[in-house]
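Here is the structure we will look at, set down as structure tokens.
Residue numbers (the working numbering), protein chains in the order written: chain A, 3 to 324; chain B, 3 to 324.
Spelled out as structure tokens, the structure:
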């Protein structure tokens with residue numbers, strides 16, 4: 003594992019990033035294109051092949067033994083297709099097949115971006131050495147991934163860990179996903195800002211109405227800004243506690259723009275967790291900030307390719323039953 | 003696997019049951035004692051050893067190669083201890099050590115009762131052949147267990163799948179567990195009955211105020227009884243959808259007394275599931291009644307002992323990273 007290089011791709015609505023990643027998680031060669039998100043599918047694919055072509059011009063390309071793709075979801079690892087919400091030209095788009103052709107038959111692993119981030123935190127970040135972990139990104143949306151029994155758990159389609167769309171308020175506000183009271187509907191950056199504005203929070207002279215500005219207000223003691231973070235923290239706590247109660251995790255790692263608010267988020271989150279993580283086997287659960295930076299998607303895509311056989315299914319070696 | 007016999011124990015607040023279970027899930031020899039739940043721990047232990055002694059008098063005992071214990075929770079499989087809520091004489095009681103001594107060093111596996119029921123449904127019941135499943139008991143309480151990637155997932159302490167105590171209503175009623183708005187607080191039999199009575203449901207001339215009586219009222223068209231089941235169904239749907247969204251399950255199996263209400267529960271549950279299981283990778287999720295009867299605890303304890311190495315940890319064979 004990790005003695006060869008892995009070709010990593012990070013597919014998002016803003017950029018398509020690629021790298022050759024070594025066995026220590028170092029990005030030896032990089033390439034990047036803006037995502038032509040409003041164009042047709044063939045045009046978006048050309049941006050991917052252009053990234054791969056640039057990487058292939060490196061002398062190190064020949065040492066690559068696998069490809070890992072982390073993509074904005076939904077993905078379907080079982081079929082090798084992706085349908086990123088923010089790239090309308092790709093719906094059930096067979097990205098794995100196209101990439102496999104381009105890389106001469108190397109094994110290709112596809113996972114969702116939350117799973118990729120989790121693989122990175124587990125390999126080299128805040129979940130390192132932990133056998134059971136939830137890793138999350140709280141930003142424009144809320145995503146996540148799971149490590150169970152020491153292994154990444156992408157699930158059959160590569161989407162497991164989608165904590166942003168579990169309901170913690172069954173009578174709550176409708177969520178764009180079609181559900182109600184989802185964690186994301188309460189705790190994402192735009193929802194923190196929306197709730198603060200609705201409740202009378204006044205932005206500063208710069209007119210910044212993002213969650214970062216609300217966080218600054220909360221740090222300065224603004225009660226409405228504090229209340230909006232408190233509400234987000236409760237929703238995150240209920241979702242994290244639900245995850246721990248369902249699958250037994252020992253640590254929750256939180257990254258993303260909203261997490262960079264620091265104590266303004268983590269203090270009420272840790273308090274609220276005591277209200278929801280009540281059973282004996284989840285009471286020791288800790289919540290910590292993520293450690294991997296903006297390269298987590300690429301490092302994690304590489305880790306996922308090393309962790310899993312191609313296709314995204316997790317390895318299992320239980321003898322068959324008689 | 004399953005070519006030898008397994009000694010199975012099912013520890014509950016009412017009875018302590020034991021059996022020798024063969025590789026086809028047949029209970030070849032049985033023994034049972036009432037649980038002296040109000041007595042001290044040593045007295046409760048004597049009921050267990052008495053069950054084991056009776057099984058040991060069978061000529062088949064010598065073929066036993068392992069012991070599986072399913073117990074009312076909480077359990078701690080990592081330490082081999084149990085603290086069943088309804089058996090106050092046992093707190094952090096080292097049951098595994100006591101049983102191991104009694105059985106001459108055979109490997110002993112301990113799991114929670116929800117995990118045991120899941121192992122039974124996966125082996126021989128409604129989750130057979132499914133690689134990713136949630137199995138639940140909806141009764142006086144709400145319990146459950148998970149099959150992930152084709153294997154039972156008890157978690158490090160044997161408690162995973164505790165769906166009854168995830169919050170689906172973060173501002174909801176306090177639950178005896180210390181949380182709020184837990185699935186069990188809304189969907190258990192006693193809570194279905196409590197809500198119906200509170201809202202004006204009138205029991206029949208027999209004075210039966212159980213959830214079974216409310217179910218009969220619902221079948222006869224009583225709107226308050228129907229509404230109480232509808233509310234329970236929504237809470238179950240939100241919890242099942244959360245589980246599917248977090249770990250990707252393809253089927254939810256529901257047993258227990260409340261599930262025996264049949265369509266009165268399953269019809270609104272399947273409707274509500276469409277409101278909460280919204281993401282592409284969970285839309286195909288099906289919900290079905292359990293198939294294993296009252297022996298599920300014993301069959302499942304045997305299955306868990308065959309599925310897992312002693313100690314309750316799931317097997318993993320990913321090569322270590324360099």
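We put the CB at the ideal spot given by N, CA and C, even for glycine.
Note to self: Could you give the first and the last residue of the continuous alpha helix (DSSP H) run that contains residue 194 of chain A?
What the structure shows: As a first step, residue 194 of chain A is located in the first chain; it is residue number 192 there, counting from the start. DSSP places residue 194 of chain A inside the alpha helix (DSSP H), whose first and last residues are 191-200.
Notebook entry, point to check: Short check: CB of residue 154 of chain A to CB of residue 134 of chain A, under 9 Å?
Noted result: Residue mapping note: residue 154 of chain A aligns to position 152 of the first chain, counting from 1. Residue mapping note: residue 134 of chain A aligns to position 132 of the first chain, counting from 1. No, these two residues do not count as a Cβ contact at 9 Å.
Notebook entry, point to check: What is the residue span of the beta strand (DSSP E) that residue 73 of chain B lies within?
Noted result: Sequence index remark: in the second chain, residue 73 of chain B carries index 71 (1-based). According to the DSSP assignment, residue 73 of chain B belongs to the beta strand (DSSP E) that extends over 66-73.
Margin query: Given this structure, state the Cα-to-Cα distance separating residue 297 of chain B from residue 264 of chain B, to the nearest angstrom.
Written below: Translated into positions along the second chain, residue 297 of chain B becomes position 295. Translated into positions along the second chain, residue 264 of chain B becomes position 262. Computed Cα separation, rounded: 20 Å.
Notebook entry, point to check: Between residue 166 of chain A and residue 305 of chain B, what straight-line distance do the alpha-carbon atoms span, to the nearest angstrom?
Noted result: Walking along the first chain from the start, residue 166 of chain A turns up at place 164. Walking along the second chain from the start, residue 305 of chain B turns up at place 303. The alpha-carbon separation between residue 166 of chain A and residue 305 of chain B amounts to approximately 34 Å.
Note to self: I want to verify the contact list: residues of chain B whose CB lies under 7 Å from the CB of residue 165 of chain A, in sequence order.
What the structure shows: The residue labelled residue 165 of chain A in the question sits at position 163 within the first chain. 248, listed in chain order.
Next item on the list: State yes or no: is the C-beta of residue 69 of chain A within less than 9 Å of the C-beta of residue 108 of chain A?
Entry: Against the first chain, residue 69 of chain A aligns to sequence position 67. Against the first chain, residue 108 of chain A aligns to sequence position 106. Going by C-beta atoms, residue 69 of chain A is nearer than 9 Å to residue 108 of chain A.
Next item on the list: Identify the contact partners of residue 245 of chain B in chain A, using a Cβ-Cβ distance below 7 Å as the criterion.
Entry: Translated into positions along the second chain, residue 245 of chain B becomes position 243. Neighbours of residue 245 of chain B in chain A, taken as residues whose beta carbon is under 7 Å from its own, are 248 in chain order.
Margin query: Please report whether the beta-carbon of residue 168 of chain B lies at a distance below 9 Å from any beta-carbon of chain A.
Written below: Locating residue 168 of chain B in the second chain gives position 166, where the first residue counts as 1. Yes, its Cβ sits closer than 9 Å to a Cβ of chain A.
Margin query: Measuring only the C-alpha atoms, how far is residue 163 of chain A from residue 121 of chain A?
Written below: By one-based count along the first chain, residue 163 of chain A stands at place 161. By one-based count along the first chain, residue 121 of chain A stands at place 119. C-alpha separation (whole angstroms): 12 Å.
Notebook entry, point to check: Hey, residue 231 of chain B and residue 270 of chain B are a contact pair by Cβ (cut 8 Å); roughly how many whole angstroms apart?
Noted result: Mapped onto the second chain, residue 231 of chain B falls at position 229. Mapped onto the second chain, residue 270 of chain B falls at position 268. Indeed, because the Cβ distance is near 6 Å, the residues count as touching under 8 Å.
Note to self: Please identify the residue among A:131, A:37, A:160 and A:233 whose C-alpha is closest to the C-alpha of residue 80 of chain A.
What the structure shows: Within the first chain, numbered from 1, the residue matching residue 80 of chain A stands at position 78. Per the Cα distances, A:160.
Next item on the list: Could you pull out every residue in the same chain whose Cβ sits closer than 8 Å to the Cβ of residue 15 of chain A, ignoring the five residues on either side in sequence?
Entry: The count along the first chain starts at 1 and reaches residue 15 of chain A at position 13. Taken in chain order, the residues that qualify are 37, 39, 74, 86, 87, 88 and 89.
Check: Straight-line CA distance for residue 4 of chain A to residue 138 of chain B?
Finding: Indexing the first chain from 1 puts residue 4 of chain A at position 2. Indexing the second chain from 1 puts residue 138 of chain B at position 136. Note that residue 4 of chain A scores a pLDDT of 42, beneath 50, so its modelled location is shaky and nothing firm can be said.
Notebook entry, point to check: Taking contact to mean at least 3 C-beta pairs separated by less than 8 Å, is the region 99-116 of chain B in contact with the region 216-230 of chain B?
Noted result: Per the Cβ contact rule, the region 99-116 of chain B is not in contact with the region 216-230 of chain B (fewer than 3 Cβ pairs under 8 Å).
Check: Given that residue 282 of chain B touches chain D, what residues does it touch there, using C-beta distances under 9 Å?
Finding: As a matter of chain content, chain D is missing from the structure shown, whose protein chains are A and B.
Margin query: Against residue 179 of chain A, what residues of chain B qualify as contacts under a CB-to-CB distance less than 8 Å, listed in chain order?
Written below: Stepping through the first chain from its first residue, residue 179 of chain A is reached at position 177. Those within 8 Å of residue 179 of chain A in chain B are 280 and 281.
Next item on the list: Assuming residue 10 of chain A and residue 20 of chain A form a contact by the criterion Cβ under 8 Å, report the distance between their Cβ atoms to the nearest whole angstrom.
Entry: Indexing the first chain from 1 puts residue 10 of chain A at position 8. Indexing the first chain from 1 puts residue 20 of chain A at position 18. The beta carbons of residue 10 of chain A and residue 20 of chain A sit about 7 Å from each other, so the pair counts as a contact at 8 Å.
Next item on the list: Under 6 Å Cβ to Cβ from residue 102 of chain B, same chain only, skipping five residues before and after it: list those, please.
Entry: To locate residue 102 of chain B, count along the second chain from 1; it is residue 100. 110, listed in sequence order.
Notebook entry, point to check: Does residue 252 of chain A have its Cβ less than 9 Å from a Cβ in chain B?
Noted result: Residue numbering aside, residue 252 of chain A sits at position 250 when the first chain is read from its first letter. Chain B, which has a Cβ nearer than 9 Å to the Cβ of residue 252 of chain A, makes this yes.
Next item on the list: Give the single residue among A:52, A:72, A:212 and A:105 whose Cα lies nearest to the Cα of residue 360 of chain A.
Entry: The requested residue 360 of chain A is not part of the displayed model; chain A covers only 3 to 324.
Next item on the list: Classify residue 245 of chain B as buried or exposed, calling it buried when 16 or more other Cβ atoms lie within 10 Å of its own Cβ.
Entry: Residue numbering aside, residue 245 of chain B sits at position 243 when the second chain is read from its first letter. Taking all protein chains in view, the Cβ of residue 245 of chain B is crowded by 16 or more other Cβ atoms within 10 Å, so the residue is classified as buried.
Next item on the list: For residue 44 of chain A, count neighbouring C-beta atoms within 10 Å of its own C-beta (all shown protein chains included) and say buried if the count is 16 or more, exposed if not.
Entry: Looking up residue 44 of chain A in the first chain gives position 42. Here residue 44 of chain A is exposed, its C-beta having fewer than 16 other C-beta atoms within 10 Å.
Notebook entry, point to check: Would the beta-carbon of residue 235 of chain B fall within 9 Å of that of residue 193 of chain B?
Noted result: Reading the second chain from its first residue, position 233 is the one you call residue 235 of chain B. Reading the second chain from its first residue, position 191 is the one you call residue 193 of chain B. No, the pair does not count as a contact, with Cβ atoms beyond the cut-off.
Check: Would a C-beta distance cut-off of 9 Å place residue 219 of chain B and residue 209 of chain B closer than the cut-off?
Finding: Residue numbering aside, residue 219 of chain B sits at position 217 when the second chain is read from its first letter. Residue numbering aside, residue 209 of chain B sits at position 207 when the second chain is read from its first letter. In this structure, the beta-carbon distance from residue 219 of chain B to residue 209 of chain B does not fall below 9 Å.
Notebook entry, point to check: Skipping 5 residues on each side, what residues in its chain have a beta carbon closer than 7 Å to that of residue 309 of chain B?
Noted result: Against the second chain, residue 309 of chain B aligns to sequence position 307. For residue 309 of chain B, same chain residues with a beta-carbon under 7 Å away, outside a window of 5 residues either side, are 121, 153 and 154 in chain order.
Next item on the list: With residue 36 of chain A as the anchor, note down where its beta strand (DSSP E) starts and where it stops.
Entry: By 1-based counting over the first chain, the position of residue 36 of chain A is 34. Unbroken beta strand (DSSP E) run through residue 36 of chain A: 29-36.
Next item on the list: Figure out for me which residue from B:198, B:7 and B:251 has the closest Cα to the Cα of residue 283 of chain B.
Entry: On the second chain, residue 283 of chain B is found 281 positions in, with the first residue counted as 1. The shortest CA-to-CA distance from residue 283 of chain B to any of B:198, B:7 and B:251 is the one to B:251.
Item checked: For residue 95 of chain B: DSSP bridge partner residues -> Stepping through the second chain from its first residue, residue 95 of chain B is reached at position 93. DSSP output for residue 95 of chain B lists B:84 as bridge partner(s).
Item checked: Under 9 Å from the C-beta of residue 236 of chain A: neighbouring residues of chain B -> One-based indexing of the first chain puts residue 236 of chain A at position 234. Neighbours of residue 236 of chain A on chain B, chain order: 172 and 173.
Checklist line | Closest by C-alpha distance to residue 143 of chain A, when choosing among A:18, A:278, A:257 and A:293 | finding: Here the question's residue 143 of chain A lines up with position 141 in the first chain. Nearest of A:18, A:278, A:257 and A:293 to residue 143 of chain A, Cα basis: A:257.
Next item on the list: Measure the alpha-carbon distance for residue 6 of chain A versus residue 53 of chain A and round it to whole angstroms.
Entry: Position 4 of the first chain, counted from the first residue, corresponds to residue 6 of chain A. Position 51 of the first chain, counted from the first residue, corresponds to residue 53 of chain A. Distance between the alpha carbons of residue 6 of chain A and residue 53 of chain A: 20 Å.
Next item on the list: Name the residue from A:186, A:213 and A:187 whose alpha carbon lies nearest to the alpha carbon of residue 199 of chain A.
Entry: Residue mapping note: residue 199 of chain A aligns to position 197 of the first chain, counting from 1. Scanning A:186, A:213 and A:187 for the CA closest to the CA of residue 199 of chain A turns up A:213.
Item checked: Alpha carbon of residue 223 of chain A to alpha carbon of residue 136 of chain A, nearest angstrom -> For the purposes of this step, residue 223 of chain A is taken as the residue at position 221 of the first chain. For the purposes of this step, residue 136 of chain A is taken as the residue at position 134 of the first chain. The straight-line gap from Cα to Cα measures roughly 31 Å.
Note to self: Between residue 100 of chain B and chain A, is the shortest Cβ-Cβ distance under 9 Å, so that the two count as touching?
What the structure shows: Stepping through the second chain from its first residue, residue 100 of chain B is reached at position 98. Put simply, the CB of residue 100 of chain B is far from chain A, with every gap to its CB atoms at 9 Å or more.
Item checked: Closest by C-alpha distance to residue 47 of chain B, when choosing among B:64, B:28 and B:91 -> Within the second chain, the letter at position 45 stands for residue 47 of chain B. Nearest of B:64, B:28 and B:91 to residue 47 of chain B, Cα basis: B:91.
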